[in-house]
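Sequential numbering from 1 applies to the sequence shown in full-length UniProt numbering.
Don't be surprised by glycine CBs; every beta carbon is placed ideally from N, CA and C.
Below is one structure, written out as structure tokens; the observations come after it.
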Amino acid sequence: MAISRLRLAQTKKTAITKQQRRQMAELLQQGKEESAKIRVENIIRDDMLIELLEYLELYCELLLARIGLLSSSPLAANSAPGELHVQVCPPGLEEAVKSIIFAAQYTEIKELMSVKDLLAHKFGKEFYLRALNDEETSTEARVPHKILSRCSVEPPSPELVRLYLSEIAKVYNVPFSELEVESDEEDYDGEGGTGIAVLDPPSFIEDDIEPKEAEKTEPISVLPPGMSTDNPQPSVSIPKGIAVTRKKRASDVGLNPQAAPAGGYAKKKVDDDLDALRKRFEALKKN
1 MAISRLRLAQ
11 TKKTAITKQQ
21 RRQMAELLQQ
31 GKEESAKIRV
41 ENIIRDDMLI
51 ELLEYLELYC
61 ELLLARIGLL
71 SSSPLAANSA
81 PGELHVQVCP
91 PGLEEAVKSI
101 IFAAQYTEIK
111 ELMSVKDLLA
121 HKFGKEFYLR
131 ALNDEETSTE
141 ARVPHKILSR
151 CSVEPPSPEL
161 VRLYLSEIAK
171 VYNVPFSELE
181 VESDEEDYDG
191 EGGTGIAVLD
201 PPSFIEDDIE
211 PKEAEKTEPI
221 SVLPPGMSTD
231 NPQPSVSIPK
241 GIAVTRKKRA
251 SDVGLNPQAA
261 PAGGYAKKKV
271 DDDLDALRKR
281 FEALKKN
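Okay, structure coming up:
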């Protein structure tokens, strides 16, 4: 039940953040950059919460897959009075158990809170408090940093705020004074090669835009990793001696990302329609 609730919460939060990004684009279009810098912090926090929910979903699935290991764990040797039922947490599940106990309070999901209470009852009050306070012992590890960082209440750094607004400006083709101009030509050592095409890194903002398929004439297409709060500028390392062709996003050339590009195909279609119309007129005159 907790797994399904976590997935539902991710879906709702993702829909909200998409709407918020469009609002940020409108603010940038109106030149209200200071207001956008403040309000974009809500988007960053929501993105971090979505990533936290994804981790907790994986941990819950791990506990479900290893339910037999949980039920067969040995009793603790030095149990407190009244806690004779307390068991030792298996080392392979320690990270998942501690992460759920620590992060459940940040999600406001009742089903996950119930899982936390069950784990606290199973492994004892002392283990529960160590996980809740992120304490390290000689035999137990701490809560992973990837969980701690996504539960932090610290405001995002100015650099992360700038990167978010830059990506919003690129995707929605709106002006932003701190947007870095990317060079169309990049220097690579060596000439020739296998003709590998490298697609521009997809943004976490472009998750509602369907990616274009690689052209059949290209032997290999490389899709870099998606952006996240931990890796806001993903990139792909290209070995020396390999020619690279970089494809631009529609937003980079001033087009609507979801609109079909106009070009010779549209002009050819209009000419064909005119020719067909002339032929019908000539046929009517003959009759």
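Cutting at 7 Å between CB atoms, please list the residues of its own chain near residue i, excluding the five before and the five after it.
i: Leu63; result: Leu70, Leu93, Ala96
i: Lys212; result: The predicted model places Lys212 with a pLDDT of 45, which falls under 50 and marks its position as unreliable; any figure quoted below should be read in that light. For Lys212, where only same-chain residues beyond five positions count, there are no Cβ hits under 7 Å.
i: Lys146; result: Tyr55
i: Ala36; result: Met24, Leu27, Leu28, Leu165
i: Ala155; result: The question names Ala, but residue 155 in the sequence shown is Pro. Here the set comprises Glu41.
i: Pro74; result: Gln87, Val88
i: Lys116; result: Ile100, Ile101, Ala104
i: Arg162; result: Glu178
Who does residue i pair with in a DSSP beta bridge?
i: Leu75; result: Gln87
Among residues of its own chain, excluding the 5 on either side of residue i, which ones have a beta-carbon nearer than 6 Å to its beta-carbon?
i: Gln105; result: none
i: Glu51; result: Arg150
i: Leu112; result: Ala2, Ala104
Apply the 10 Å Cβ neighbour rule to residue i and answer buried if 16 or more other Cβ atoms are within range, or exposed otherwise.
i: Lys18; result: exposed
i: Asp47; result: buried
i: Ser203; result: Residue confidence is low: Ser203 scores 44 on pLDDT, short of 50, so the model does not pin down where it sits. Its coordinate-derived value is still stated next. Ser203 should be labelled buried.
i: Ser99; result: buried
i: Ile38; result: exposed
i: Leu8; result: exposed
i: Lys12; result: exposed
i: Leu49; result: buried
i: Leu119; result: buried
i: Val153; result: exposed
Would you please state the rounded distance, in angstroms, between the beta carbons of residue i and residue j? I believe it to be under 8 Å.
i: Ala103; j: Cys151; result: 6 Å
i: residue 290; j: Leu53; result: Residue 290 lies beyond the stretch modelled for the chain, which goes from 1 to 287, so this question has no answer here.
i: Ile131; j: Ile101; result: The amino acid occupying residue 131 in the given sequence is Ala; Ile does not appear at that position. Between Ile101 and Ala131 the Cβ distance is about 4 Å, and since that is below 8 Å, they are a contact.
i: Leu148; j: Ile44; result: With a Cβ gap of about 16 Å, Leu148 and Ile44 do not count as contacting.
What residues in its chain sit with their C-beta under 8 Å from that of residue i, if we drop five residues either side in the sequence?
i: Ala169; result: Ala25, Leu28, Pro175, Phe176, Leu179
i: Asn42; result: Gln20
i: Pro144; result: Glu95, Ser99
i: Ile109; result: Ala2, Arg5, Leu6, Ala9
i: Glu57; result: Ile3, Leu6, Arg7, Gln10
| task | At 4 residues or longer, and completely inside the region 88-119: list those alpha helix (DSSP H) runs for me, N to C. | result | 94-103
| request: Let me know the alpha helix (DSSP H) ranges lying completely inside the region 153-178, each 4 residues or longer, listed in chain order. | output: 158-172
| said: Ignoring anything shorter than 4 residues, give me the alpha helix (DSSP H) runs that lie fully in the region 12-72, in order along the chain. | reply: 33-65, 67-71
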